[in-house]
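S.K.: Numbering (the numbering used here), first residue to last: 6 to 77.
Beta carbons are placed, not taken as given, at the ideal position from N, Cα and C, and that holds for glycine.
Okay, here's the structure, questions in a sec.
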Amino acid sequence: MYKCDMCPAVFKMKWNLARHVNTHNGLRYSCTVCEKKYTDNSNLNKHMKNVHDINLNLYFTHPRHILFSPLH
């Protein structure tokens with residue numbers, strides 16, 4: 006089990022903890038159309054598809070260095 010050092014949250018998978026930590030560290034993924042912000046890039050991807058009808062193919066090596074391109 007992986008416990009968050011900043012709150013009582015506990016996760017079975019290490020990557021879920023890593024994703025959760027973004028809720029504490031202020032990291033946000035911003036929509037380039039309406040500026041709505043998300044703590045998780047998958048939520049931004051869903052927003053872009055459902056609200057703006059834009060499919061993004063998100064690639065990143067670190068959350069602060071996001072590269073994306075529209076799918077054709």
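Who are Leu49's beta bridge partners in DSSP?
M.R.: Within the sequence shown, residue 49 is the residue found at index 44, counting from 1. In the DSSP output, where bridge partners are listed per residue, Leu49 has none listed.
S.K.: Where do the ends of the alpha helix (DSSP H) carrying Ala14 lie?
M.R.: Mapped onto the sequence shown, residue 14 falls at position 9. Run containing Ala14: none; DSSP gives neither H nor E here.
S.K.: Report the rounded CA-to-CA distance for His25 versus Glu40, giving the unit in angstroms.
M.R.: Residue mapping note: residue 25 aligns to position 20 of the sequence shown, counting from 1. Residue mapping note: residue 40 aligns to position 35 of the sequence shown, counting from 1. Taking the straight line from one Cα to the other gives about 21 Å.
S.K.: Spatial neighbours of His70 within its chain, please: C-beta separation below 6 Å, excluding the five flanking residues on both sides.
M.R.: On the sequence shown, residue 70 is found 65 positions in, with the first residue counted as 1. Confidence in His70 is poor, its pLDDT being 43 and thus under 50, which makes the residue's placement unreliable; the coordinate value appears in the next sentence. There are no such residues.
S.K.: Determine the closest residue to Thr44 out of Lys17, Leu32, Val15, Asp10, with distance taken between C-alpha atoms.
M.R.: Taking the sequence shown and counting its residues from 1, one reaches residue 44 at position 39. Among Lys17, Leu32, Val15, Asp10, the Cα nearest to that of Thr44 belongs to Leu32.
S.K.: Going by Cα to Cα distance, which pick from Asn48, Val38, His29 is closest to Cys57?
M.R.: Here residue 57 is taken as the residue at index 52 of the sequence shown, counted from 1. One detail in the question is off: residue 57 reads as His in this sequence, not Cys. Minimum Cα distance to His57 is reached at Val38.
S.K.: Please state if the CB of Leu22 and the CB of Cys12 are separated by a distance shorter than 8 Å.
M.R.: By 1-based counting over the sequence shown, the position of residue 12 is 7. By 1-based counting over the sequence shown, the position of residue 22 is 17. No, the pair does not count as a contact, with Cβ atoms beyond the cut-off.
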